[in-house]
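The numbering of the sequence shown is the numbering used here, which starts it at 48 and goes up by one.
Even glycine gets a Cβ: it sits at the ideal position worked out from N, Cα and C.
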Amino acid sequence: MTNTSAASSPSSFDRWRIVVLLMGYAALAHFNREGLAIAGTEIFINKLGITEVEMGWVYTSFGIVYTTLMLPGGWLVDRFGSARVLTLLGLTMGTVVALTGALTWLSNTPASLLIGLLVLRGLTGACSAPLHPGAAHVASDLMPNRHRATANGLRTAGALIGIAFSYPIFGWLMDTLGWPWAFVASGAALIAFGVLWKFVASPSLPAPQPSASAVTAETDSRAAWLLLRQGNLWLLSLSYAAYSYLQYLFFYWLDYYFKSVLHVSNADSRRASFYIFLAMGAGMVIGGLSTGVLCKLFGTIRGRRCIVMTGLILGALFARLGVQMDDYLTVSVCLAISMGLLGMCEGVFWTTATDIGGKARGFAGAFLNTIGNVGGFIAPVLTPFMARSMGWPNAISVACVIAGLGGLIWFWIKPPPACDS
């Protein structure tokens, strides 16, 4: 049972302790998500007979289910509280990831392996849908306005730290234990963190406010759906979709690009991917800290607009520059700068969405992520098709143009005036 008295006024130390735990949760969840992309390139495509396009559909199956259940996941967070929902996420997602390792004993043909991957990847998407709405809800509940962008930047940086470390660590697990046990080990770690969250973080979080009647519950639901009339939320989410298109493309195909297009070794590809995604995580922290400073100097609208437009437009330009190069180190540096610039935008998107959402901030965050992931799950399956006719550098350049246009949308986005206070 949640300790409401403790949760009503957590100390500054408790607030930042929970933010650190959110970083850990995001890191482990995304570590488990990215593990399949690493195994996809090294094992499923190269050794077990799955084609590039089929693997793209496996990646997209996650995105389709994840996106479809995002709004229900946000509603669950608003209704039952982030403490309970995030605990359930760790237990269920960790179990499904561990079951991925069992496919080696349950499938003996590429077709049966593909079906198993599609089903389990979809279930992983279902289990992880409440992660970011729940984490943004926690940041909004706990932190004063001046620290929310920093808190959101830190917890999204945790996701990129998890992705960055998945390349050397999950790769090492595959090399040492074999790919089936690598999935079992990473899933078990997420289950353990779900238990840790339950006993360490949950007692400090506010309990969901109980509805006095069915009428109150209906009013809460109506307030959430009324958000769909907010033009600001639609524009914000469209910009996030453009951002996610480029981001997800690199999440799923960066390792493949290094190994199959640039023809670098497994070790060099893992090393480059590690530093590129670590740079994106650093960008998220820098963006979160910079947002507070710029908003204080120029106001909320101009401060946030400056961060996102700079990050998306310059990030797209550096990504475009990188894929025109053939040298492995030059490509790595350009893409690291690109991902760092993109990462600066993440906390601003989430903070602005929860500001727009108000009491329905879980739903608002879920809506942002739903529309954002439409762009995110299109990229992994569309890009291989485009690459067949125009080559990988040009297919990635299309994503760069989309991301740059997403930055320009911020000319018309205005965060709520209350955020200035």
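Nearest-angstrom beta carbon gap, residue j and residue i [assumed within contact, 8 Å]
i    : j    : result
V395 : R349 : Not really, about 12 Å apart at Cβ, beyond 8 Å.
T398 : R195 : 5 Å
T88  : K306 : 6 Å
S379 : Y322 : 7 Å
S320 : Y214 : 4 Å
Within 9 Å, strictly: CB atoms of residue i and residue j
i    : j    : result
F410 : Y295 : no
N199 : A288 : no
T151 : W219 : no
G404 : I333 : no
G71  : G205 : yes
A186 : L359 : no
G92  : L293 : A small correction: the amino acid at residue 92 is Ile; Gly does not occupy that position in the sequence shown. Against a cut-off of 9 Å, the Cβ pair of L293 and I92 comes out as no contact.
G181 : G141 : no
P177 : L123 : yes
C392 : G362 : yes
L275 : F414 : yes
D125 : K406 : yes
A383 : A434 : no
P427 : Y299 : yes
T417 : M117 : yes
A446 : A366 : yes
A73  : W244 : no
R317 : I111 : no
L280 : W459 : no
Run of the alpha helix (DSSP H) containing residue i, from where it starts to where it stops
i    : result
L116 : That residue, L116, is in no alpha helix (DSSP H); it is neither H nor E in DSSP.
F78  : 59-86
P215 : 192-224
M356 : 347-370
I449 : 439-455
A145 : 129-147
N279 : 278-303
H386 : Checking the sequence shown, residue 386 turns out to be Met, not His. Segment 375-390, the alpha helix (DSSP H) holding M386.
E393 : 393-404
G163 : 157-175
G181 : 178-189
T151 : 150-153
Sequence-distant residues of its chain with Cβ nearer than 6 Å to residue i (five each side left out)
i    : result
S108 : L165, R168, G169
M356 : G454, W457
A465 : With a pLDDT of 47 at A465, under the threshold of 50, the modelled position of that residue is not reliable, and no figure is offered here.
A261 : Low per-residue confidence applies at A261: pLDDT is 45, beneath 50, and the placement is therefore not dependable, though the value from the model is reported in the following sentence. Hits under 6 Å: none found.
H77  : A206, G209, I210
L368 : C381
G17  : This structure cannot speak to residue 17, because the chain is shown only from 48 to 468.
L309 : Y375
7 Å Cβ shell around residue i - same chain, five flanking residues per side excluded
i    : result
T338 : A196, G350, R351, I354, G394, V395
V144 : N79, T171, F230, S233, G234, L237
P440 : V370, Q371
C174 : L136, T139, M140, V143
L429 : none
E101 : L161
L189 : P57, R62, I65
Y303 : T88
S444 : R367, V370
V67  : none
Residue i at chain D interface by Cβ criterion, 9 Å
i    : result
N155 : Judged by its chain identifiers, the structure shown contains no chain D, having just a single protein chain.
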